[in-house]
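Written out below as structure tokens is the structure these notes cover.
Protein chains: 2
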Amino acid sequence: MEYYFSDKMKALKPSAIREIFKSLGDPEMISFAAGNPSPRSFPVEELSRIGADIFANASTAALQYSVTEGYPPLRSEVEKRMREKFNIGREGDMTIITSGGQQGIELSCKALCNEGDVVICEDPTFIGALNAFRSCGAKTVGLPLGDDGIEAESLDKLLTETPNAKIVYLIPTFQNPAGICTSLEKRKAVYDVCVKHGIIIIEDNPYGELRFAGEDIPTIKSMDTEGIVLYSSSFSKILSAGMRVGYMCGPEPIIQKMVVAKQSEDVHTNIFFQMLTHRFMTECDLDGHIQGIRGLYRDKCSLMLSTLDRVMPECVKYTRPQGGLFLWLTLPEEIKMIDFVQRALENKVAVVPGNTFLCDTAGAINAVRLNYSTPSDEDIVRGCEILGRVAREMLA
Amino acid sequence: MEYYFSDKMKALKPSAIREIFKSLGDPEMISFAAGNPSPRSFPVEELSRIGADIFANASTAALQYSVTEGYPPLRSEVEKRMREKFNIGREGDMTIITSGGQQGIELSCKALCNEGDVVICEDPTFIGALNAFRSCGAKTVGLPLGDDGIEAESLDKLLTETPNAKIVYLIPTFQNPAGICTSLEKRKAVYDVCVKHGIIIIEDNPYGELRFAGEDIPTIKSMDTEGIVLYSSSFSKILSAGMRVGYMCGPEPIIQKMVVAKQSEDVHTNIFFQMLTHRFMTECDLDGHIQGIRGLYRDKCSLMLSTLDRVMPECVKYTRPQGGLFLWLTLPEEIKMIDFVQRALENKVAVVPGNTFLCDTAGAINAVRLNYSTPSDEDIVRGCEILGRVAREMLA
Chain D
5 MEYYFSDKMK ALKPSAIREI FKSLGDPEMI SFAAGNPSPR SFPVEELSRI GADIFANAST
65 AALQYSVTEG YPPLRSEVEK RMREKFNIGR EGDMTIITSG GQQGIELSCK ALCNEGDVVI
125 CEDPTFIGAL NAFRSCGAKT VGLPLGDDGI EAESLDKLLT ETPNAKIVYL IPTFQNPAGI
185 CTSLEKRKAV YDVCVKHGII IIEDNPYGEL RFAGEDIPTI KSMDTEGIVL YSSSFSKILS
245 AGMRVGYMCG PEPIIQKMVV AKQSEDVHTN IFFQMLTHRF MTECDLDGHI QGIRGLYRDK
305 CSLMLSTLDR VMPECVKYTR PQGGLFLWLT LPEEIKMIDF VQRALENKVA VVPGNTFLCD
365 TAGAINAVRL NYSTPSDEDI VRGCEILGRV AREMLA
Chain R
5 MEYYFSDKMK ALKPSAIREI FKSLGDPEMI SFAAGNPSPR SFPVEELSRI GADIFANAST
65 AALQYSVTEG YPPLRSEVEK RMREKFNIGR EGDMTIITSG GQQGIELSCK ALCNEGDVVI
125 CEDPTFIGAL NAFRSCGAKT VGLPLGDDGI EAESLDKLLT ETPNAKIVYL IPTFQNPAGI
185 CTSLEKRKAV YDVCVKHGII IIEDNPYGEL RFAGEDIPTI KSMDTEGIVL YSSSFSKILS
245 AGMRVGYMCG PEPIIQKMVV AKQSEDVHTN IFFQMLTHRF MTECDLDGHI QGIRGLYRDK
305 CSLMLSTLDR VMPECVKYTR PQGGLFLWLT LPEEIKMIDF VQRALENKVA VVPGNTFLCD
365 TAGAINAVRL NYSTPSDEDI VRGCEILGRV AREMLA
């Protein structure tokens with residue numbers, strides 16, 4: 005039997021990161037390749053205690069079918085937190101609970117894009133979002149990501165030239181993979197351009213709460229007087245990634261369409277963990293818990309940066325993140341990125357090749373992504389030392 | 005701001021059942037409308053005990069990101085059970101864990117169908133599957149469901165006339181909504197026709213283990229020497245619906261494409277409940293537990309049938325299921341289905357209008373679906389008595 009697949013699947017390749025993740029069976033491998041939160045960020049004791057209580061006192065609701073838009077008390081609590089912390093949520097907005105932030109991105113594209121429609125992305129950007137757009141048959145077009153975001157003028161021009169553009173996808177805060185923040189000025193300019201063109205923005209903000217240096221910058225969604233921004237976030241980086249609980253807040257007509265689409269995808273998100281998340285938010289000290297994670301990542305990021313400062317040749321450049329999970333390391337011309345990745349792997353350090361994150365993966369980008377949240381302190385030091393040695397050898 | 009949606013979303017309407025489910029706030033309403041398993045089918049004590057143990061001894065793995073295709077020990081255990089119990093799984097097959105059976109259906113259509121391609125369905129059929137196909141931009145075409153399945157000859161003719169048909173979707177065992185089983189003879193004939201046309205069958209079997217009368221009939225997948233059958237099932241009806249753990253077994257090239265598509269939808273299924281399901285399967289008496297559920301549904305179905313026998317006018321016909329959750333009640337010409345549903349609602353009994361389950365919901369079908377797994381015994385009796393009174397009044 006010969007099997008035939010849909011055209012949209014042909015545009016889709018397994019995420020290089022997930023593939024690397026799978027091949028990390030080698031216990032000697034130091035992985036800077038994952039995007040995993042530190043296991044120390046999971047509040048196991050509280051989750052365990054509340055989980056036991058849900059089994060004891062609310063098992064029927066926790067194990068039975070539930071409503072697609074999400075567990076109502078969790079939706080309310082998420083809305084309250086977004087409003088109070090981030091000035092997010094205006095008259096006419098609605099929130100849906102999704103199976104991880106990933107699902108919100110995919111559902112919004114499914115709701116908004118026909119096959120062949122265009123999603124404009126920062127280049128480089130989150131591979132999971134790129135694949136979600138491709139899986140809906142949309143085309144991804146990239147705008148170069150500068151040190152503080154994309155250029156509003158370039159976006160204006162691109163939108164004028166691309167009448168079938170339907171979404172602008174942005175990660176303004178601690179961008180994945182680059183680790184940078186878009187400045188307030190650029191956020192405003194980009195928002196204004198999108199209002200002018202009447203185009204929807206997806207503001208993806210899974211790392212926003214993980215700031216360990218500098219000052220918070222208002223989200224684009226907080227400026228959204230016109231109702232054009234879908235705001236996506238999740239509990240993956242602050243409670244548990246494996247539970248798959250995320251959310252999206254945006255204009256009610258769009259969220260309602262996403263509810264209908266979600267119904268056909270998974271009916272609803274695991275209800276036990278929706279209840280658990282709600283109880284943690286209302287009974288435990290979520291802010292205090294997040295404060296602890298920030299300290300943890302501040303230390304890990306500092307350790308990675310100070311080690312790189314010590315071992316890397318000067319011609320190797322890297323971002324100095326103020327939050328999030330990643331830094332972005334740019335190699336000099338003399339070092340070919342793909343050879344560097346290969347040599348690093350041979351020396352038991354896994355990093356993600358930068359072209360993975362491009363709209364056009366055949367594009368040239370002489371950079372790699374490093375993650376500091378997952379590896380142990382010892383591995384951070386040892387891994388960076390190995391990368392430094394590899395770089396120096398390749399320059400010699 | 006005016007919002008525009010993708011064409012495929014226009015074909016999609018909120019499931020009437022989910023909508024009715026939502027409006028069931030009225031505590032006096034007796035619902036025969038849901039498809040919920042009985043809460044008594046959840047093995048709360050064991051799940052609670054194992055859950056506590058996972059939190060205590062395997063919390064990192066249970067709360068961290070995991071692999072997309074599913075928790076490997078669960079996949080193995082599911083494969084073993086399918087092989088031993090149902091003779092399912094041949095050389096070249098692979099199993100993916102999905103977020104409920106629903107996701108497997110949606111992912112397979114996404115992998116196989118371009119927009120405008122056709123999925124052939126039993127008419128009536130499961131609304132969740134119809135919407136999944138529509139959400140992928142596929143068209144659904146129905147073949148009338150007889151007392152023992154669709155006609156192989158009609159399928160042969162339809163496939164010949166429909167070159168862009170990509171999937172035949174069937175629920176051969178305790179069909180939803182009709183409650184009937186396709187005979188072995190027809191299963192074989194339908195399989196042979198599909199082999200002849202080289203078309204993929206989705207065999208959806210969420211209720212197969214819930215037989216409480218009669219003899220098991222071999223699944224179509226068990227005959228699948230040619231590698232054309234995707235077999236879908238889940239733990240929703242035997243452990244917990246709210247946890248969203250299902251699976252699909254089929255030819256590896258197709259399942260691999262589904263893994264890639266799943267990566268962009270939700271990365272992976274809630275890992276804690278995958279581990280919980282695996283531990284239940286290996287440490288507890290799953291077969292014994294299912295035996296208990298069968299007894300429960302046998303009693304509930306008998307009670308509904310005996311009450312209907314007592315209260316319904318003879319011209320009202322209904323199926324006598326040997327398993328599953330539903331029976332299908334056909335009204336005489338004198339009673340207009342939609343008026344019957346309305347009058348029943350006014351009298352505080354919710355049933356699902358039969359046209360909900362048609363490929364073309366504008367089609368005429370003078371029948372409704374009744375569920376006996378969710379309501380209490382008392383409500384079964386009282387609800388049927390009300391339906392009987394409504395029917396007699398409408399005939400008078």
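Chains as they are written, first to last, in this note's numbering: chain D, 5 to 400; chain R, 5 to 400.
Ideal Cβ placement from N, Cα and C applies to all residues, glycine included.
Looking at the backbone, the Cα of D/D57 and that of D/V48 are separated by about 14 Å.
Annotated three-state conformation of R/F178 is coil, per DSSP. Taking 7 Å as the threshold, the shortest C-beta distance from D/L67 to chain R falls below it.
Excluding its 5 nearest sequence neighbours in each direction, R/D121 has C-beta neighbours in its own chain below 6 Å: A142, N168 and K170, listed in chain order.
When the beta-carbon positions are compared, D/I384 and D/M316 stay at least 7 Å from each other.
Annotation note: the segment 62-127 of chain R contains the following uninterrupted beta strand (DSSP E) runs of length 3 or greater, listed N- to C-terminal: 97-102 and 122-127. Listed along the chain, the chain R residues whose CB falls inside 9 Å of the CB of D/P255 are M5 and Y7. Under the Cβ criterion of 7 Å, R/S139 is counted among the residues facing chain D. For D/G104, the residues of chain R that pass the 8 Å Cβ criterion are D270 and V271, in the order they occur in the chain. Spatial neighbours of D/P325 in its own chain (CB-CB distance under 7 Å, excluding positions within 5 residues in sequence) are listed in chain order as F178, G183, C305 and L331. Against chain D, the beta carbon of R/P43 has neighbours under 7 Å at T64 and Q68, listed in chain order. Excluding sequence positions up to five before and after D/V271, its CB lies within less than 8 Å of the CB of Y69 and T72, all in the same chain and listed in chain order. D/N40 has a beta carbon lying within less than 7 Å of a beta carbon in chain R. Closer than 7 Å to the CB of D/Q278 there is not a single CB belonging to chain R.
The way I'd put it, the segment 187-206 of chain D does touch the segment 219-233 of chain D; three or more beta-carbon pairs between them come closer than 8 Å. In this structure, DSSP gives D/P41 a state outside helix and strand, which the three-state scheme calls coil. In the structure shown, the three-state DSSP call for R/A354 is strand. Taking every protein chain shown into account, the CB of D/Q107 has 16 or more other CB atoms within 10 angstroms, so this residue is buried. In this model, D/I342 and D/M33 are separated by some 18 Å (Cα to Cα). Any Cβ of chain D closer than 7 Å to the Cβ of R/M247 would place that residue at the interface, and such an atom is present.
Beyond the five residues adjoining it in sequence on each side, D/V263 comes within less than 8 Å, by CB distance, of T72, E73 and I100 in the same chain, given in chain order. For R/D160, the CB contacts under 6 Å within the same chain, skipping 5 residues up- and downstream, are V197 in chain order. Listed by position along chain D, the residues whose Cβ is nearer than 9 Å to that of R/L16 are K261, V264, A265, Q267 and S268. Setting aside the 5 residues that flank it on each side, R/D208 is surrounded in the same chain by I175 and S236, each with a C-beta closer than 6 Å to its C-beta; the list follows chain order. If you check the CB distance, R/G328 and R/L214 come in under 7 Å. Annotation for R/S306: the continuous alpha helix (DSSP H) segment containing it runs L290 to V315. If you draw a straight line from the Cα of R/D289 to the Cα of D/T273, it is about 27 Å long. Of all residues in the segment 46-57 of chain R, those with a C-beta nearer than 8 Å to a C-beta of chain D are F46, V48, L51, S52, G55 and A56, reading in chain order. Here the alpha carbons of D/M13 and R/K266 stand approximately 11 Å from one another.
R/G246 is not a Cβ neighbour of D/I92, given a cutoff of 7 Å.
D/G254: member of the beta strand (DSSP E) spanning G250 to P255, first to last residue.
Rounded to whole angstroms, the separation of the alpha carbons of R/K114 and R/P255 is 16 Å. Between the segment 336-352 of chain R and the segment 371-387 of chain R there are three or more C-beta pairs closer than 8 Å, enough to call the two in contact. With a threshold of 7 Å between beta carbons, D/N274 makes contact with chain R. Residue contact with chain R for D/E110: present (Cβ-Cβ distance below 7 Å to some residue of chain R). Looking at the backbone, the Cα of R/L243 and that of R/F284 are separated by about 9 Å.
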